[in-house]
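Structure, as structure tokens:
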């Protein structure tokens, strides 16, 4: 089997596992976003820790899509370490 074919099959496995993890994680992010909205409404400023955590999810989702579309060979979480692309303002 050619190397590209093996890589494509492996990407399918990674996509299924990472997709499940990110789908579950998405609901946690929704809950945190709602919590952060209320914090902003009542305190007048966002919770930086929640925003930082959400940035990790944004980065992993970006890496996931890039990996699935063969734009990048960097595997998404849980097959690599989590990282952030940018800082929270």
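Numbering (the working numbering), first residue to last: 3 to 91. Here a beta-carbon is modelled for each residue, glycine too, at the ideal position from N, C-alpha and C. Keep in mind it's a predicted model, so treat the numbers as computed, not measured.
- May I have the straight-line CA-CA distance separating residue 70 from residue 8, to the nearest angstrom? Stepping through the chain shown from its first residue, residue 70 is reached at position 68. Stepping through the chain shown from its first residue, residue 8 is reached at position 6. Roughly 14 Å between the two C-alpha positions.
- Message: Quick check on residue 72: buried or exposed, where buried means 16 or more other Cβ atoms within 10 Å of its Cβ?
- Response: Sequence index remark: in the chain shown, residue 72 carries index 70 (1-based). By the neighbour-count rule (16 or more Cβ atoms within 10 Å), residue 72 is not buried but exposed.
- Taking C-beta to C-beta, are residue 41 and residue 49 nearer than 8 Å? Looking up residue 41 in the chain shown gives position 39. Looking up residue 49 in the chain shown gives position 47. Going by C-beta atoms, residue 41 is nearer than 8 Å to residue 49.
- Message: Quick check on residue 20: does DSSP put it in helix, strand or coil?
- Response: As a first step, residue 20 is located in the chain shown; it is residue number 18 there, counting from the start. Of the three classes helix, strand and coil, the one that applies to residue 20 here is helix, per DSSP.
- Message: Which same chain residues end up closer than 7 Å to residue 66 when comparing Cβ atoms and leaving out the 5 residues on each side of it in sequence?
- Response: On the chain shown, position 64 is the one that residue 66 refers to. Result list for residue 66: 20, 24 and 78, in chain order.
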